[in-house]
Amino acid sequence: MPIIITRDDRRYASLQKGHNARFPETETDAAKRIFLCESSADAADALEHIVSAGLRPTIRSGGHCYEDFVANNPGGAILDLSLLSGVNDGRSAPPYRLGPGVQLWNGYLELYKLYGVTLPGGTCGTVAAGGHISGGGYGLLSRLHGLSSDWLTAVEILTVNGSGKVIPRRADAHHEADLFRACRGAGGGGLGVITSYEFDNLPQPPAEVIEAYISFPWEGMTEEKFVTLLKTFGEYWETRGKHPDTWGMFSVLEVSHQAGGHMGMSVQFCNPDGRCSDLTVLNEYLDRFLQCGSPASPADGTGHAGLSARKDAGESLCSGAHTVRRRDWLDATGGNNGSGRSTRAKYKSAYMKRGFTEGEARCIYKHMTRTIPNVDLRGSVIEMDSYGGAINRKELLETTSVAQRSSVLKLQFMTFWGNPEDDAGRLQWIRDLYKDLYSGTDSDPAHKETPWWNSRYEGCYINYPDRDMLSYTYWPQLYYGPGELYPFLQAVKRKYDPNNIFHHAMSIRP
Amino acid sequence: MKQDSSLNRRHFLRIVGAAPLALRTSWARQLPPSPRLAFVGSGCDEIHVFQIDGPKWTLKQVVASEAPVSLTVHPNRGILYAVNQVTSHQDLPTGSVETFVLAPDGRFTAFGKTSLSLSAILPRHLALSPDGRRAIVAIHGGGAYNLLSIPGGGQRPQVAEILKETGCGPHTLHQLSAHPNMAVFDTTQGRVLTSDTGSDRISVLAVNENNLTVHQRFSTDPGSGPAHLALHPKGNILFVANQLNRSLCSYKYDAEQGKILHRIQRITEDTGGSLALHPSGRTLYTIGGEQDDVVQVWYIDPIIGRLNRLQSWQQNAGRSIALTAERDALFVLSHTLNGVLRFAADPTEGRLSAPTLVAEVPKPLSIATVYGPA
């Protein structure tokens with residue numbers, strides 16, 4: 001039986017909220033109770049109870065939802081799967097089975113130790129498998145091996161039929177293939193309760209990786225230098241970065257607001273065979289940034305959490321003009337297991353099929369140097385991730401629910417703060433930036449203020465949901481593309497969740 | 001304003017039967033006075049406000065309101081609630097309830113909108129407790145009920161509780177999921193009777209300030225699609241119009257226990273549309289027929305609750321979609337005529353006379369009336 005946490009339980013205050021401290025927004029927005037499930041049977045019991053009581057269930061695996069989809073549930077129930085955190089649970093592998101509550105770092109560790117494989121998953125180690133995989137899921141190895149959901153071969157899922165009965169299902173490419181496809185990237189919590197993710201195969205991780213870091217201080221940074229930096233970064237991934245010999249390289253350009261003091265670029269590299277025997281590609285990439293500042297050198301720990309090539313990690317190595325670090329993969333990945341403390345936050349996203357235009361770079365510079373009276377903009381950043389490679393295999397369009405298979409960059413706009421009184425200023429800043437960036441000449445005239453699908457953009461990422469997009473009637477197409485995917489997902493929704501039991505602000509509309 | 005809509009349209013009054021109605025004159029004295037104002041919601045996103053003077057309706061005001069599918073006047077007669085039958089409010093998938101404040105001169109202005117719960121799309125009906133302190137909204141599209149608490153003067157209703165429904169039926173088009181259609185408070189004010197077109201179910205819900213729970217489920221015939229409700233003023237008979245199999249059922253209801261006990265009667269001829277009760281409690285009005293073009297008058301046996309048809313009035317191609325009954329009149333919204341038909345009613349037994357078109361309203365959706373100032 002699930003453990004039921006109600007308001008009078010001392011655990012309630014901690015468990016009723018998620019990682020984003022903005023939610024629940026008010027006490028009345030909070031769920032009335034939390035069902036902690038330790039098994040699939042618990043989840044089925046909990047769901048049956050919740051549905052028969054006329055409550056709204058919201059589904060939580062790791063609690064990292066960027067928006068209010070889980071924690072804002074007035075009077076309802078959070079169905080918490082964080083304790084379904086086993087890898088195979090004693091069963092033989094393959095297939096490899098992950099519970100939705102497996103935190104990514106623990107998943108990497110167990111898959112590696114038990115089977116010598118890994119999930120090409122994300123850099124935030126405490127994000128759990130449930131939300132990560134069902135929304136697509138990408139990370140440092142995705143250019144080499146694709147998305148996490150690309151490897152998925154089956155799910156065990158609880159749905160609720162028309163009469164309110166909980167139906168356990170196992171969906172794969174041959175059984176309820178429509179439901180299975182929807183579970184490969186459409187986003188979590190909108191169709192049912194996934195209690196297990198199965199993979200017939202998973203890739204082997206590299207034996208070792210090279211980490212590099214270049215710091216770009218704001219001091220002395222001019223607009224022209226800034227434009228050169230962004231164009232250099234984007235141009236590489238738009239051109240050279242498409243070649244398979246570069247797919248083992250993943251880079252993050254972290255463009256922080258001027259108030260933060262400096263920006264940085266992190267790189268994780270291996271050759272396509274998972275070794276680090278030939279660093280030509282890495283050196284060629286790093287050399288391009290010599291014009292933007294200094295060569296790569298070990299970081300002081302202030303860069304990207306997972307990719308900072310810290311001074312105290314691994315083996316220092318001179319590679320051309322650059323000093324990089326050689327680390328074994330597990331050690332490097334272990335550096336990613338923190339997710340920071342829970343703060344207030346707002347996020348946005350965009351997929352880019354091309355590098356940056358001068359206009360885009362100047363727009364970003366304007367907002368990264370903007371000041372707003374009485375608003376501290378430290379902790380405001382655009383994380384620009386290299387993308388593409390194995391992700392962009394077009395055949396996956398038909399079998400997954402990830403429509404973005406042509407992008408070379410993925411942007412994550414973020415701002416973090418602590419004081420609720422700063423909400424308005426922070427939100428204003430990030431909204432202004434985003435609207436301005438996607439209202440220029442590169443934007444689709446009929447879809448201003450958004451990265452609407454055109455020759456440059458591929459919409460937004462559902463695992464970085466942004467409720468602001470709801471103000472555009474075409475928001476589903478931003479996330480799922482203008483083609484057949486969203487109508488397909490609506491049909492799946494009507495078929496498997498006819499009463500729309502599983503819903504949030506951006507769930508598939510029946 | 002047209003005074004007689006039917007001059008150029010074929011209609012006939014058919015007397016089917018009559019029942020002995022020996023009414024005491026005291027009954028008539030206890031009945032409420034004639035209404036002073038009428039509000040008619042329009043599918044053109046408007047509410048038309050009329051002043052009523054017997055058979056004469058005078059348009060006083062037209063105010064904007066999005067898809068006002070259900071109109072309800074607060075007991076203080078100073079607040080009007082309109083349920084907006086929409087799929088989106090403030091960019092979220094939900095409906096809303098709009099509040100209008102009535103001024104002493106009968107004019108009213110929009111005061112605010114209450115967002116319903118997430119996924120509460122296409123709300124259909126609002127039932128207000130007799131004391132005006134809470135309301136239940138039946139959410140047809142979203143398959144749920146919202147309990148609204150209404151503090152103070154009634155201007156600011158707030159969602160206090162959500163009851164998410166599941167259910168389905170054999171009708172492949174209309175019964176794939178639950179579709180709550182209507183709610184009525186019983187005489188205790190502590191329970192609400194509801195209809196669910198999608199799941200062939202009428203329910204008794206227990207309600208207090210902050211809680212809404214299922215007290216009883218009562219299944220109707222498969223594929224019947226219970227939609228419209230009317231509870232006898234004595235609180236002991238529930239009339240249910242079934243939209244999908246076009247029938248009318250009456251049920252014995254025990255208000256003290258909050259239990260629907262058994263079905264009294266099922267009528268299949270020319271029913272299935274809206275219902276209204278004459279304030280006397282002696283007469284039920286129904287809409288039905290293939291085109292919702294038949295208005296019928298039923299005598300309610302006060303002992304056993306069975307219905308006997310008194311009158312049947314048909315207007316060809318005169319599709320009717322809602323009605324409300326007053327002491328001396330029955331008002332019927334005619335979709336085809338784009339207006340309000342007034343049937344003069346006998347104040348004591350509710351028998352009807354031939355109708356006239358008293359108001360023109362494009363795409364009428366809903367109607368409410370309010371008596372003289374409090």
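The listed protein sequences derive, respectively, from chains A and B. First residue of the first sequence: 1, per my numbering; consecutive thereafter. First residue of the second sequence: 1, per my numbering; consecutive thereafter. C-beta atoms are modelled at their ideal positions from N, C-alpha and C, and glycine is treated no differently.
Residue i - partner residues in DSSP beta bridges
{"i": "Tyr299(B)", "result": "Thr283(B), Asn308(B)"}
{"i": "Lys346(A)", "result": "Thr415(A)"}
{"i": "His48(B)", "result": "Val40(B), Val62(B)"}
{"i": "Thr114(B)", "result": "Val97(B)"}
{"i": "Cys249(B)", "result": "Val240(B), Arg266(B)"}
{"i": "Cys318(A)", "result": "Thr323(A)"}
{"i": "Lys259(B)", "result": "Asp254(B)"}
{"i": "Pro168(A)", "result": "Leu158(A)"}
{"i": "Ile367(B)", "result": "Val40(B)"}
8 Å Cβ cutoff met for residue i and residue j
{"i": "Gly264(A)", "j": "Glu360(A)", "result": "no"}
{"i": "Glu165(B)", "j": "Asp131(B)", "result": "no"}
{"i": "Arg288(A)", "j": "Tyr236(A)", "result": "yes"}
{"i": "Leu202(A)", "j": "Phe233(A)", "result": "no"}
{"i": "Thr213(B)", "j": "Gln158(B)", "result": "no"}
{"i": "Ser342(A)", "j": "Ala186(A)", "result": "no"}
{"i": "Phe39(B)", "j": "Ile267(B)", "result": "no"}
{"i": "Ser507(A)", "j": "Gly63(A)", "result": "no"}
{"i": "Glu176(A)", "j": "Arg184(A)", "result": "no"}
{"i": "Glu238(A)", "j": "Val408(A)", "result": "yes"}
{"i": "Pro355(B)", "j": "Ile321(B)", "result": "no"}
Burial state of residue i (16 or more Cβ within 10 Å)
{"i": "Ala325(B)", "result": "buried"}
{"i": "Gln16(A)", "result": "buried"}
{"i": "Ile304(B)", "result": "exposed"}
{"i": "Gln243(B)", "result": "buried"}
{"i": "Val127(A)", "result": "buried"}
{"i": "Leu122(B)", "result": "buried"}
{"i": "Ile260(B)", "result": "buried"}
{"i": "Asn271(A)", "result": "buried"}
{"i": "Leu333(B)", "result": "buried"}
{"i": "Cys363(A)", "result": "buried"}
{"i": "Glu458(A)", "result": "buried"}
{"i": "Glu98(B)", "result": "buried"}
{"i": "Pro362(B)", "result": "exposed"}
{"i": "Met414(A)", "result": "buried"}
{"i": "Gly481(A)", "result": "buried"}
{"i": "His503(A)", "result": "buried"}
{"i": "Ala22(B)", "result": "Note that Ala22(B) scores a pLDDT of 29, beneath 50, so its modelled location is shaky and nothing firm can be said."}
{"i": "Gly273(B)", "result": "buried"}
Whole-angstrom C-beta distance between residue j and residue i, which should lie under 8 Å
{"i": "Pro25(A)", "j": "Asn72(A)", "result": "One detail in the question is off: residue 25(A) reads as Glu in this sequence, not Pro. Between Asn72(A) and Glu25(A) the Cβ distance is about 6 Å, and since that is below 8 Å, they are a contact."}
{"i": "Leu152(A)", "j": "Ala43(A)", "result": "Leu152(A) to Ala43(A), Cβ: 19 Å. No contact."}
{"i": "Leu147(A)", "j": "Gly137(A)", "result": "6 Å"}
{"i": "Pro404(B)", "j": "Leu277(B)", "result": "Coverage of chain B is limited to positions 1 through 374, which leaves residue 404(B) absent and any answer about it impossible."}
{"i": "Phe226(A)", "j": "Pro95(A)", "result": "About 48 Å; that fails the 8 Å criterion."}
{"i": "Glu46(B)", "j": "Ala67(B)", "result": "Actually they are not in contact, since the Cβ atoms of Glu46(B) and Ala67(B) sit about 10 Å apart, beyond 8 Å."}
{"i": "Ser319(A)", "j": "Arg143(A)", "result": "That belief does not hold up - the Cβ atoms of Ser319(A) and Arg143(A) are roughly 20 Å apart, past 8 Å."}
{"i": "Tyr479(A)", "j": "Lys410(A)", "result": "Wrong, their Cβ atoms sit about 13 Å apart, outside the cutoff."}
Run of the alpha helix (DSSP H) containing residue i, from where it starts to where it stops
{"i": "Asp178(A)", "result": "177 to 182"}
{"i": "Val281(A)", "result": "280 to 287"}
{"i": "Phe488(A)", "result": "485 to 496"}
{"i": "Gln477(A)", "result": "475 to 480"}
{"i": "Ala41(A)", "result": "40 to 52"}
{"i": "Arg431(A)", "result": "423 to 437"}
{"i": "His228(B)", "result": "No alpha helix (DSSP H) contains His228(B), which is instead part of the beta strand (DSSP E) from 226 to 231."}
{"i": "Gly334(A)", "result": "329 to 334"}
{"i": "Glu110(A)", "result": "104 to 115"}
{"i": "Gly248(A)", "result": "Gly248(A) -> no alpha helix (DSSP H), and no H or E assigned at all."}
Endpoints, beta strand (DSSP E) assigned at residue i
{"i": "Val227(A)", "result": "Here Val227(A) belongs to no beta strand (DSSP E); instead the alpha helix (DSSP H) covers 223 to 238."}
{"i": "Lys353(A)", "result": "Segment: none, Lys353(A) is in no beta strand (DSSP E) and carries neither H nor E."}
{"i": "Ile382(A)", "result": "380 to 386"}
{"i": "Tyr81(B)", "result": "79 to 84"}
Distance cut-off 7 Å: residue i Cβ against heavy atoms of the ligand COA
{"i": "Gly95(B)", "result": "In the structure shown, the ligand COA is absent, as is every other ligand, since no ligand is present at all."}
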